[in-house]
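Only one structure is covered here, and it is reproduced in the block below.
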Amino acid sequence: MAPDQSCRQCGRCCEKWGWDQKGIPEDIIPWIRNNRTDILQHVAITFADGTITNGIGVTEQNIGTITGIRYWINPEGGFMSHCPFYQLRNDKKVYCGIRDVKPRVCIGFTPWDEGIRDYALSCPACRETSP
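Each residue of the sequence shown is one higher than the one before, counting from 5 in the working numbering.
This is how it looks when you write it as structure tokens:
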């Protein structure tokens, strides 16, 4: 992040890109180990045999048979319109409800480096010349 580019916690990333993202096994392993069903219920897992389920009940032994991981699903079915852990607080800033264990796709997202010009230009942390 450039010195003049810092997140202002507006939440636009979580609103626009906080759903239907591809996940990786390294994200879900700690959730499985720590029985984070609050998170796993919002994860779509596809297995090699074509079966699709949410992350509840998935074990570390299943990891090798996973062919796809998608964030964030509604436990009743379908993708959500935004991240379920998005928290708009009284200070008008958005906070991550799973900050310490959020997936890599969220950790690494910087709109000024993404090359998504229409989105990046609406990000208040982005300079008008980027990306």
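For glycine and all other residues, C-beta sits at the position ideal for the given N, C-alpha and C. All of these numbers come straight from a predicted model, not from anything done at the bench.
Which residues in the same chain have their Cβ closer than 8 angstroms to the Cβ of residue i, if we skip the five residues on either side of it in sequence?
| i | result |
| --- | --- |
| PRO79 | GLN45, HIS46, ASN58 |
Excluding five sequence neighbours on each side, which residues of the same chain lie with their C-beta closer than 7 angstroms to the C-beta of residue i?
| i | result |
| --- | --- |
| GLY15 | TYR90, LEU92, VAL98 |
Taking DSSP as the reference, what is the three-state secondary structure of residue i?
| i | result |
| --- | --- |
| ARG74 | strand |
| CYS25 | The question names Cys, but residue 25 in the sequence shown is Gln. In this structure, GLN25 counts as strand in the three-state DSSP scheme. |
| THR57 | strand |
| THR63 | coil |
Ignore the nearest five residues each way along the sequence and tell me which others in residue i's own chain have a CB closer than 6 angstroms to its CB.
| i | result |
| --- | --- |
| ILE60 | THR41, LEU44, GLN45 |
| ILE67 | PRO29 |
Would you say residue i and residue j are within 9 angstroms of each other, going by their C-beta atoms?
| i | j | result |
| --- | --- | --- |
| LYS26 | GLY72 | yes |
| ILE56 | THR50 | yes |
| PRO128 | ARG12 | yes |
| ASP31 | ARG108 | yes |
| ARG74 | ALA52 | no |
| ILE70 | PRO29 | yes |
(message) Which complete beta strand (DSSP E) runs does the region 75 to 116 hold, if anything under 3 residues is left out?
(response) 90 to 92, 98 to 100
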